[in-house]
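**Q** Have a look at this one.
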Amino acid sequence: MTFADNLYVGESIKHKSERILSRMEQNKFLMEVFCITKASNPNNLYDIYNYLEFKQPYYKDKPIHILGIAGSKQEAMELVASMLITEGVVS
Amino acid sequence: MAVLLTILLTILKVIGIVLLAVIGLSLLILAIVLFVPVRYEVSGEFEENKGGEAGISWLGPLIRIRGGYYFGNELFYWAKVFGLLVYSSGDEKTIFTKFRDWKEKRAKKKAAKPAVIKEHKEHKEQTDTSQFSSYAQRVENDNNISDYNPPGNPAKENAGTEAGKPDTGDGTSGQSDTGDEPTGDGPAEKLRKLIKKAQAFAYEAKNKTDAFYEKVEDGMDKIERIEKFYYENESQHTVQKLLKLIKRTIAYVMPTKGDGYICYGWWDPATTGKIYGICCALGLVVGRQIEIIPDFSRATFHCKLDVKGRIRVFYFVRTGLVIILDKKIRHVYKKGKKVIGHE
């Protein structure tokens, strides 16, 4: 699991982002963390996953590049919107 | 010289005999504790009378404990040591109550004899109570003095005026209601307060949820660690060994003698058959003294059982030694302690 240099972090988990990132690096259990990655389907822009999904054996050997983390799915969607604006995809 | 030697040898002989006797007695007691089994007995019936009783005895009549319950009657239990009743649920007098009665009787007898001493005692008690009453009076007087509020003491004056006034929570508890200062209880103010309260509540709830999540995450870490530890080779060996020991212990504790029957029937004959199948698979049906009779025609349950067994302390000592002396088990135990976080 790798993280983007410019990682987007949701407001609700900003205060505990260090703990979350260290736990994610160690592949430990985390509750209510949603990850934003590049879309697996080239027709889409981004994918939103619940972090627990990455604990499944299927993702064990898959390289995952995380662009942002959020405390809820709603927040993850808002974060995606802000990412789109910041990166100039949408004006 | 020869006389002295004889005396010395005699003393040594006596010491040797005493030592041997002490060692022999200790060994005998140890052997009795280790090898004389604790016998247990359980009997019950579910026919006309419904109930059961259980008993434990050690060294025949030395220690006996028994208890039971029959439907419609009260629970009963008793314990006897050397045939003497020590503890009982009924009205029978135990050895302690008998001893207490005897003590009371003796005290009464003693009290009845010297009348002069009794009178003196009563007089002494009276003087004691009078002393106490005077002391109580003094304490009361002191309290009255402490309630006295001197006119130049502002703290006490304020305490007197503010007592009983409810705290509103916004720091206005000291304000008077006479209309000298604005109360600020308009609808906008109320709404602001309500919003503040809601925000505080939401903040607290979020903090609590975060704390709960962290706890769950830590718990999951622990579970993952234990799972990893469990599947290690060394742990597996220990688990297998301990399981074997547990199985053997259960087999050892199980009753050695049994008599009776269990007749059962479910409303559905198929379920009755399934239960009978499970009993057969567990080996409870063939070659057992307790008969299991399935009734496929109706829903019923009646039984009569009487089982007996015995347990020796030696078995548990031996099992304990097997566990303690096993290097692998000890190592796994130490490692397990670290994994769980007790060390």
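Going down the list, the sequences are from chains E and C. For what it's worth, this note's numbering labels the leading residue of the first sequence as 1, then goes sequentially. For what it's worth, this note's numbering labels the leading residue of the second sequence as 92, then goes sequentially. Ideal Cβ placement from N, Cα and C applies to all residues, glycine included. Note that the structure is a prediction, hence the values are computed from the model and not measured.
(1) Could you work out which residue in C:Ile-402, C:Lys-429 and C:Lys-428 is closest to Leu-125 (chain C) when comparing CA atoms only?
(2) Using a Cβ cut-off of 8 angstroms, which residues of the stretch 30-48 of chain E contact any Cβ in chain C, in chain order?
(3) Go ahead and label Gly-260 (chain C) buried or exposed: buried means 16 or more other beta carbons lie within 10 angstroms of its beta carbon, across all protein chains shown.
(4) Quick check: Phe-137 (chain C) and Cys-370 (chain C), are their CB atoms within less than 7 angstroms of each other?
(5) Residues in the stretch 65-85 of chain E with C-beta within 7 angstroms of chain C's C-beta atoms, listed in sequence order?
(6) Have a look at Asp-417 (chain C) and Gln-327 (chain C) and give me their C-alpha separation to the nearest angstrom.
(7) Could you tell me whether the stretch 318-333 of chain C touches the stretch 353-366 of chain C, using the rule of 3 or more Cβ pairs below 8 angstroms?
(8) Considering only their Cβ atoms, is the gap separating Glu-325 (chain C) from Val-423 (chain C) smaller than 7 angstroms?
(9) On the DSSP letters alone, give me the boundaries of the alpha helix (DSSP H) that Asn-6 (chain E) sits inside.
(10) Taking 7 angstroms as the CB-CB cut-off, is Lys-28 (chain E) touching chain C?
(11) Where does Lys-399 (chain C) sit, in a helix, a strand or coil, going by DSSP?
(12) Quick check on the burial criterion: 16 or more other C-beta atoms within 10 angstroms. Buried or exposed for Leu-153 (chain C)?
(13) Between Asp-258 (chain C) and Lys-281 (chain C), what straight-line distance do the alpha-carbon atoms span, to the nearest angstrom?
(14) Contact criterion: CB-CB distance below 7 angstroms. Does Tyr-131 (chain C) meet it with respect to chain E?
(15) Rank C:Asp-301, C:Glu-305 and C:Leu-176 by C-alpha distance to the C-alpha of Lys-28 (chain E) and give the top, closest one.
(16) Are the beta-carbon atoms of Ile-156 (chain C) and Ala-170 (chain C) separated by less than 7 angstroms?
(17) Report the three-state DSSP secondary structure of Lys-200 (chain C) (helix, strand or coil).
(18) Specify, as a first and last residue, the run of the alpha helix (DSSP H) that Leu-79 (chain E) falls within.
(19) Taking Tyr-294 (chain C) as the query, report the chain E residues whose CB atoms sit under 9 angstroms from its CB, ordered along the chain.
(20) For Lys-184 (chain C), name the three-state secondary structure that DSSP assigns.
(21) Tell me the DSSP bridge mates of Trp-149 (chain C)?
(22) Does DSSP classify Trp-358 (chain C) as helix, strand or coil?
(23) Using beta carbons (cut-off 7 angstroms, strictly below), is Ile-431 (chain C) in contact with chain E?
(24) For Met-83 (chain E), tell me which candidate among E:Thr-2, E:Asn-6 and E:Met-1 has the shortest Cα-Cα distance.
(25) Per DSSP, what kind of secondary structure is Glu-139 (chain C) in: helix, strand or coil?
(26) With 7 angstroms set as the bound, which would you pick, yes or no: does the beta-carbon of Tyr-322 (chain C) sit closer than that to a beta-carbon of chain E?
(27) What do you reckon, are the CB atoms on Glu-144 (chain C) and Gly-159 (chain C) nearer than 7 angstroms?
(28) Express the C-alpha separation of Phe-407 (chain C) and Thr-37 (chain E) in angstroms, rounding to a whole number.
(29) So, is the C-beta of Glu-318 (chain C) closer than 7 angstroms to a C-beta in chain E?
(30) So which residues on chain E does Tyr-160 (chain C) lean against when the C-beta distance must stay under 9 angstroms?
(31) Asn-50 (chain E) lies in the beta strand (DSSP E); which residues open and close that run?
(32) Assign Trp-193 (chain C) to buried or exposed, taking buried as 16 or more other Cβ atoms, counted over all protein chains shown, within 10 Å of its Cβ.
**A** To lay it out plainly:
(1) Selected option, being the one with the closest Cα: C:Ile-402.
(2) Cβ contacts with chain C: Leu-30, Met-31 and Glu-32.
(3) Low per-residue confidence applies at Gly-260 (chain C): pLDDT is 42, beneath 50, and the placement is therefore not dependable, though the value from the model is reported in the following sentence. With fewer than 16 other Cβ atoms within 10 Å, it is exposed.
(4) Phe-137 (chain C) is not a Cβ neighbour of Cys-370 (chain C), given a cutoff of 7 angstroms.
(5) So the list is empty, because no residue satisfies the distance condition.
(6) Distance between the alpha carbons of Asp-417 (chain C) and Gln-327 (chain C) is about 14 angstroms.
(7) Contact fails between the stretch 318-333 of chain C and the stretch 353-366 of chain C, because fewer than three Cβ pairs, one in each stretch, are under 8 angstroms apart.
(8) Contact check for Val-423 (chain C) against Glu-325 (chain C) passes: the beta carbons are separated by less than 7 angstroms.
(9) Careful: Asn-6 (chain E) lies outside any alpha helix (DSSP H), inside the beta strand (DSSP E) at 2-9.
(10) Yes, Lys-28 (chain E) counts as interfacial toward chain C.
(11) Shown here, Lys-399 (chain C) sits in a strand according to DSSP, grouped into three states.
(12) Label assigned to Leu-153 (chain C): exposed.
(13) The predicted position of Asp-258 (chain C) is uncertain, since its pLDDT is 44 and thus under 50; a value taken from the coordinates is nonetheless stated next. Asp-258 (chain C) and Lys-281 (chain C) have their C-alpha atoms some 16 angstroms from each other.
(14) So no, Tyr-131 (chain C) is outside the interface.
(15) Checking every option, the nearest Cα to that of Lys-28 (chain E) belongs to C:Glu-305.
(16) Contact flag set, yes.
(17) In the structure shown, the three-state DSSP call for Lys-200 (chain C) is helix.
(18) Looking at the DSSP string, the run of the alpha helix (DSSP H) that includes Leu-79 (chain E) is 73-86.
(19) What Tyr-294 (chain C) touches in chain E, judged by beta-carbon distance under 9 angstroms, is nothing: the nearest beta carbon there is about 12 angstroms away.
(20) In this structure, Lys-184 (chain C) counts as coil in the three-state DSSP scheme.
(21) In DSSP, Trp-149 (chain C) forms a bridge with C:Val-129 and C:Ile-154.
(22) Here Trp-358 (chain C) sits in coil by DSSP.
(23) Not one beta carbon of chain E lies nearer than 7 angstroms to the beta carbon of Ile-431 (chain C).
(24) Minimum Cα distance to Met-83 (chain E) is reached at E:Asn-6.
(25) Collapsing the DSSP output to three states places Glu-139 (chain C) in coil.
(26) Contact with chain E is absent for Tyr-322 (chain C), since none of that chain's Cβ atoms lies less than 7 angstroms from the residue's Cβ.
(27) Yes, the Cβ-Cβ distance between Glu-144 (chain C) and Gly-159 (chain C) is below 7 angstroms.
(28) Between the alpha carbons of Thr-37 (chain E) and Phe-407 (chain C) lies a distance of about 59 angstroms.
(29) Chain E, which has no Cβ nearer than 7 angstroms to the Cβ of Glu-318 (chain C), makes this no.
(30) Within 9 angstroms Cβ-Cβ: nothing; Tyr-160 (chain C) doesn't reach chain E, min ~48 angstroms.
(31) Residue range 46-50 is occupied by the beta strand (DSSP E) that includes Asn-50 (chain E).
(32) By the 10 Å Cβ count, Trp-193 (chain C) comes out exposed.
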